[in-house]
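In the numbering used here, the protein residues as written are 10 to 707.
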């Protein structure tokens, strides 16, 4: 194997390649477009396209695709060959600036939430020069935005780029007030930690629920789960280690900064974390990471599960979104420095985040809302559905001092002494970490921990960027007009802390007492399910904020609301129909078959000697017969509940009905089937159990 630096990014048309392949003037013009948003000239696009084509062809590429992220939650691509006919009957390899800049995929079959009628098919993809093109297989992938014929965003990248520009605009206004006139731009950066499960493909193929829904809809608890905490950070098994090694190679070729890998809490669960990078690129890279996780798993006879809750009774999978802001000079605006109390610029940006999370806690909850994540949030393994911020003791003390006008002495440095001379002494951090907090400050960034493992990180970062931009705008509007900047700054900080400190909570987010305090005393929102929160996307304050920064139009927001609720309904109904099918065609016949064997055994005993005891067979037969009836009854009830949904015309009402009736019926059917599993001989059970699935990869 080559050294990693020798092949890292070898499949990427990155800055190193552009500098080597492009004329100097073209390269500098493209860099200005990437860094400063300068308009792209067609002559530059033509030169880039030609160099891109030559580079890709030299690496064996024959096609190109405009790679985009529609509102399906996955990526999309249409491949076109580089070939053009030549007069002599042959072909030549061509790729123009026009083809680089714009593509025309059919937009009618992608979710639009009413923005487009089915017969209105034309859509456009537009090159995103801020995210590098790359080669996968024999195809050059060009990251693009996706819009309708009327210009409405039909993807996740366009609003993300808009939100980044909105934050950049307002952050620069604040920095100018502090005399930072040389800063050209502010970018947000993200490092998404990706959790996932690995199971064998052989067992996956035997489970209809995994194939159709990504999670197990049935499954009794195995004798051992995660009780011993022995899997977390444990020795990585050889088969998993080989998978991780190949995954790293593939990601490194694509320029993905895969850094940390380890076993997670649940059996068969693992995590991969990258070094953080610009939010737009991090979003593209996370989509690639999820795709490569699944492709590489297939090569190893494994399946990578990215569902938020593939197994009941053990931890589900999330995606921690580590978010920060930095200038083009490399200054992290969320770094407190040695004396955060004296760092007014940091404190103002910190306050903007605090106010943003408080004012728009509903939007942050909406950004992570899916049917899958509803199973995970608040389940003593993930943050609760109530949004709060963890700051730690030092920053909490700083804010209290500012609010009350009292001096702050600073956090005392404590040296850790472990009682063994050979071990080094080191200073303890001035604040602990809180793994139960939805939104935790972790030294120089915030970790938003509510995202589900299958979520696109675009959604959360769109809302976070936009909300922070709005708060920075409020501060800039006030401070730019102030006669005395220092006094106005201090008052802004003090008032923000006073008005928004309710969102700060440094305790145990899993504690029921906290949830009661959060809602009843602090007035925080508790939207436990997707149908609870999604309609609030269209609340007047949210529409006003998002449209004022031109992140979304009102029509685009209405489309997202429709799509999110529709996805929720379709997801749960697919699960319900899968449960009915498995219960009727697999589980009930298996239980019946074992019951028949018990009856035959009991009858055979009696035939030999009527005095022989048959208590085991008789009692178990009675229990199984009762469960058979329950499975049949519960299946019928679930079927009826599903059929009733078809007559509801309003998507919001449909989602609420599914939440209130269908999910309950699904739970009842599962209880009966899981109980039957614990009493049915293993040879009769029709598919792999939790014991098989969670402990088979070695």
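C-beta: ideal position from N, C-alpha, C; glycine also.
Since the structure is predicted, the reported quantities are computational estimates derived from the model, not experimental observations.
Roughly how many angstroms lie between the CA atoms of residue 521 and residue 360, to the nearest whole one? 28 Å
Rounded to the nearest angstrom, how far is the Cβ of residue 445 from that of residue 517, given a contact under 8 Å? Contact flag correct, Cβ pair sits at about 6 Å.
Among the candidates 384, 457, 393 and 376, whose CA atom is the shortest distance from the CA of residue 400? Out of 384, 457, 393 and 376, the CA that lies nearest to the CA of residue 400 is found in 457.
So is residue 93 buried or exposed if we call it buried at 16+ other beta carbons inside 10 Å? exposed
Can you give me the Cβ contacts of residue 76 inside the same chain, cut-off strictly under 7 Å, excluding the 5 residues immediately before and after it? 84, 86, 150, 151, 152 and 153
Could you tell me the distance, in whole angstroms, from the CA atom of residue 613 to the CA atom of residue 620? 12 Å
Between residue 103 and residue 46, what straight-line distance do the alpha-carbon atoms span, to the nearest angstrom? Per the coordinates, the alpha-carbon of residue 103 lies some 28 Å from the alpha-carbon of residue 46.
Got a sec? Which residues, its chain only, sit under 8 Å from residue 122 by beta carbon, not counting five neighbours each side? Once the five neighbours on either side are set aside, the close Cβ partners of residue 122 are 80, 567, 568, 569, 570, 571, 572 and 575.
Please report the straight-line C-alpha distance between residue 55 and residue 74, rounded to a whole angstrom. 17 Å
Can you say whether residue 16 is buried or exposed, counting buried as having 16 or more other CB atoms within 10 angstroms of its CB? exposed
Drop a sphere of 10 angstroms on the beta-carbon of residue 396, count the other beta-carbons inside from all chains shown, and report buried for 16 or more, exposed for fewer. buried
Residue 240 in three-state terms, based on DSSP: Correct three-state label for residue 240: coil.
Is the Cβ of residue 72 closer than 7 Å to any Cβ of chain C? No chain C appears in the structure shown, which is made up of a single protein chain.
Taking only runs that begin and end inside the segment 149 to 223, name each unbroken beta strand (DSSP E) of 3 or more residues, in chain order. Runs of the beta strand (DSSP E) lying entirely within the segment 149 to 223, each at least 3 residues long, are 195 to 209 in chain order.
When the Cα atoms are used, what is the spatial distance from residue 501 to residue 542? 31 Å
Just how far apart, CA to CA, sit residue 680 and residue 313? One alpha carbon belongs to residue 680, the other to residue 313, and they sit about 27 Å apart.
My output table needs one value for residue 24: the three-state DSSP class, helix, strand or coil. helix
Just how far apart, CA to CA, sit residue 364 and residue 476? Rounded to the nearest angstrom, the two C-alpha atoms are 9 Å apart.
What residues are listed by DSSP as bridge partners for residue 456? 331 and 449
Please give the ranges of any alpha helix (DSSP H) in the segment 57 to 134, keeping only runs that are unbroken, at least 4 residues long and fully inside the region. Segments of the alpha helix (DSSP H) lying fully in the segment 57 to 134: 106 to 110.
Report buried or exposed for residue 271, applying the criterion of at least 16 other Cβ atoms within 10 angstroms of its Cβ. exposed
DSSP beta-bridge partners for residue 287? In the DSSP secondary-structure assignment, residue 287 is bridged to 198.
Simplified DSSP assignment, three categories, for residue 723: Because residue 723 is not part of the residues shown, which for the chain are 10 to 707, the question remains open.
Contact check, residue 207 vs residue 279 under 8 Å by CB: the rounded distance? 6 Å
Residue 226 in three-state terms, based on DSSP: Three-state DSSP puts residue 226 in coil, outside helix and strand.
Which same chain residues end up closer than 7 Å to residue 663 when comparing Cβ atoms and leaving out the 5 residues on each side of it in sequence? Taking C-beta separations shorter than 7 Å and ignoring five residues to either side along the sequence, the partners of residue 663 in its chain run 578, 654 and 657, following chain order.
Run through the DSSP bridge pairs and tell me what residue 281 is partnered with. 203 and 270
Please name the residue, chosen from 306, 514, 277 and 486, that lies closest to residue 254 on a Cα-to-Cα basis. The shortest C-alpha separation from residue 254 is found at 306.
Decide if residue 625 is buried, meaning its Cβ has at least 16 other Cβ atoms within 10 Å, or exposed. exposed
Pairwise C-alpha distance: residue 277 and residue 231: 13 Å
How far does the beta strand (DSSP E) with residue 313 in it extend, from its first residue to its last? 311 to 314
When you measure from the CB of residue 585 to every non-hydrogen atom of the ligand SAM, does any distance come out below 6 Å? The model on display carries no ligand, and the ligand SAM is accordingly not part of it.
Helix, strand or coil for residue 325? Go by DSSP, reduced to three states. coil
Would you kindly report the start and end of the unbroken alpha helix (DSSP H) that includes residue 467? Segment 466 to 489, the alpha helix (DSSP H) holding residue 467.
Out of curiosity, what's the CA-to-CA distance linking residue 142 and residue 156? When rounded, the distance between both Cα atoms is 19 Å.
Pick helix, strand or coil for residue 673, following the three-state DSSP scheme. helix
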